[in-house]
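Asker: Can you keep this structure in mind? I'll have questions shortly.
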Amino acid sequence: KQEVTQIPAALSVPEGENLVLNCSFTDSAIYNLQWFRQDPGKGLTSLLLIQSSQREQTSGRLNASLDKSSGRSTLYIAASQPGDSATYLCAVSNTGNQFYFGTGTSLTVIP
Amino acid sequence: NAGVMQNPRHLVRRRGQEARLRCSPMKGHSHVYWYRQLPEEGLKFMVYLQKENIIDESGMPKERFSAEFPKEGPSILRIQQVVRGDSAAYFCASSPIETIQTQYFGPGTRLLVL
């Protein structure tokens, strides 16, 4: 059974810093991996989707990498802003129709 | 194009009552997925439905929980005889095609069982 782990569970950084969030998964036979953002009391917003054949995806200040063989992904956020404060979720899918989610990293960017 | 809509956003029930959670997928989407987020835990898949069919219910508890997605109207997640352990956020997602890479999530329904 696929298990997804995210480290750290919480992170607090001053505004302007670059940061890295980590995600690991136990079954490397994934279909794709997706990073989401969850704001308190809100739904999930998809940030980046990486197909199993890809190694990274970029969107603005965000860059996500994927190393299937080691079962790891990282989300890099450049020049962090207070508006980036949220919980970041990593989710992987195998060939089925469901995501397996990590428990998230709660990010606080201090102005 | 409105996003995935869920209602109610918050629901309070006493133990033993029934909870009915509704999900209206995005326009043109015929695939719906339900996930549950227990306190301090990650989201966990419950069920995947297409119109009038349950495709995968491997994540659904065996008792008290049921889901449907009728030909007309929203998808319904029904929890009978709720217990305190059912308190959680229930998220619905929809997609336009069979692959899950384009799932769009709703804002969730927060269920509190007293």
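As they're listed, the protein sequences go chains Z and F. Read in order, the letters of the first sequence correspond to residues -4 to 106 in the numbering used here. Read in order, the letters of the second sequence correspond to residues 96 to 209 in the numbering used here. Here a beta-carbon is modelled for each residue, glycine too, at the ideal position from N, C-alpha and C.
For Tyr207/F, collect the residues of the same chain with a Cβ closer than 8 Å to its Cβ; drop the 5 residues on either side in sequence, then sort them by chain order.
Answerer: The residue given as residue 207/F occupies position 112 in the second sequence. Here residue 207/F turns out to be Leu, not Tyr, going by the sequence shown. Excluding positions up to five away in sequence, the list reads His105, Leu106, Val107, Arg108 and Ser182.
Asker: Where does Thr197/F sit, in a helix, a strand or coil, going by DSSP?
Answerer: For the purposes of this step, residue 197/F is taken as the residue at position 102 of the second sequence. DSSP places Thr197/F in helix when its eight states are reduced to three.
Asker: Counting only Cβ-Cβ distances shorter than 8 Å, please list the residues of the stretch 73 to 106 of chain Z near chain F, keeping chain order.
Answerer: Leu84, Ala86, Ser88, Gly91, Asn92, Gln93, Phe94, Tyr95, Phe96, Gly97, Thr98 and Gly99
Asker: Can you name the residues that DSSP bridges to Glu135/F?
Answerer: As a working mapping, residue 135/F is identified with position 40 in the second sequence. Note: Glu135/F sits in no beta bridge, so no partner.
Asker: With a CB to CB cut of under 8 Å and the five nearest residues on each side skipped, what residues in its chain are close to Asn27/Z?
Answerer: By one-based count along the first sequence, residue 27/Z stands at place 32. So the qualifying residues of the chain are Leu44, Ile45, Gln46, Ser47, Val87 and Ser88.
Asker: Which of the three DSSP states, helix, strand or coil, is assigned to Arg104/F?
Answerer: For this step, residue 104/F is matched to residue 9 along the second sequence. Three-state DSSP puts Arg104/F in coil, outside helix and strand.
Asker: Between Leu61/Z and chain F, is any beta-carbon pair separated by less than 8 Å?
Answerer: In the first sequence, counting from the first residue as 1, residue 61/Z sits at position 66. Not a single C-beta of chain F is nearer than 8 Å to the C-beta of Leu61/Z.
Asker: Can you tell me the Cα-Cα spacing of Ala4/Z and Asp79/Z, whole angstroms?
Answerer: By one-based count along the first sequence, residue 4/Z stands at place 9. By one-based count along the first sequence, residue 79/Z stands at place 84. The alpha-carbon atoms of Ala4/Z and Asp79/Z are separated by roughly 16 Å.
Asker: Taking Cβ-Cβ distances shorter than 7 Å, what residues in chain Z pair up with Pro202/F?
Answerer: What you label residue 202/F is simply residue 107 of the second sequence in a count that begins at 1. Lys37 and Gly38, listed in chain order.
Asker: Quick one: what does DSSP say Pro77/Z is sitting in, helix, strand or coil?
Answerer: As a first step, residue 77/Z must be located in the first sequence, where it is residue number 82. Note: Pro77/Z maps to helix in three-state DSSP.
Asker: Since Val99/F sits in a beta bridge, which residues does DSSP pair it with?
Answerer: As a position in the second sequence, residue 99/F is number 4, starting the count at 1. The partner list for Val99/F (beta bridge, DSSP) is empty, contrary to what the question assumes.
Asker: Counting only the same chain and skipping the five closest in sequence on each side, list residues whose C-beta sits under 6 Å from that of Gln176/F.
Answerer: Within the second sequence, numbered from 1, the residue matching residue 176/F stands at position 81. The residues are Gly111 and Arg159.
Asker: Quick check: Lys139/F and Gly154/F, are their CB atoms within less than 8 Å of each other?
Answerer: To locate residue 139/F, count along the second sequence from 1; it is residue 44. To locate residue 154/F, count along the second sequence from 1; it is residue 59. Contact flag set, yes.
Asker: Kindly list the residues whose CB is nearer than 7 Å to the CB of Gly11/Z, restricted to its own chain and excluding five residues on each side of it in sequence; keep chain order.
Answerer: As a position in the first sequence, residue 11/Z is number 16, starting the count at 1. The answer, listed in chain order, is Ala74 and Ser75.
Asker: Identify which residue in Val(-1)/Z, Thr82/Z, Gly36/Z and Pro35/Z has its Cα closest to the Cα of Phe20/Z.
Answerer: Taking the first sequence and counting its residues from 1, the one referred to as residue 20/Z is at position 25. Nearest option by C-alpha distance: Val(-1)/Z.
Asker: Residues in the same chain with beta-carbon distance under 8 Å from Pro77/Z, minus the five sequence neighbours each way, listed in chain order, please.
Answerer: Numbered from 1 along the first sequence, position 82 holds the residue referred to as residue 77/Z. Glu10, Val104, Ile105 and Pro106, listed in sequence order.
Asker: Less than 8 Å separating the beta-carbons of Arg50/Z and Ser65/Z?
Answerer: Numbered from 1 along the first sequence, position 55 holds the residue referred to as residue 50/Z. Numbered from 1 along the first sequence, position 70 holds the residue referred to as residue 65/Z. Not closer than 8 Å, so no.
Asker: According to the Cβ coordinates, are Gln101/F and Pro202/F closer than 8 Å?
Answerer: Numbered from its first residue, the second sequence carries residue 101/F at position 6. Numbered from its first residue, the second sequence carries residue 202/F at position 107. Yes. Within cutoff.
Asker: Kindly give me the distance between the Cβ atoms of Ile174/F and Ala114/F, rounded to whole angstroms, as I take these residues to be in contact under 8 Å.
Answerer: The residue given as residue 174/F occupies position 79 in the second sequence. The residue given as residue 114/F occupies position 19 in the second sequence. Indeed, because the Cβ distance is near 4 Å, the residues count as touching under 8 Å.
Asker: At least one CB of chain B closer than 8 Å to the CB of Glu136/F: is that the case?
Answerer: The structure shown contains no chain B; its protein chains are Z and F.
Asker: Between the Cα of Ala81/Z and those of Leu42/Z, Ile25/Z and Gln(-3)/Z, spot the shortest distance and give me the residue it belongs to.
Answerer: Position 86 of the first sequence, counted from the start, is the residue given in the question as residue 81/Z. Considering only alpha carbons, the answer is Leu42/Z.
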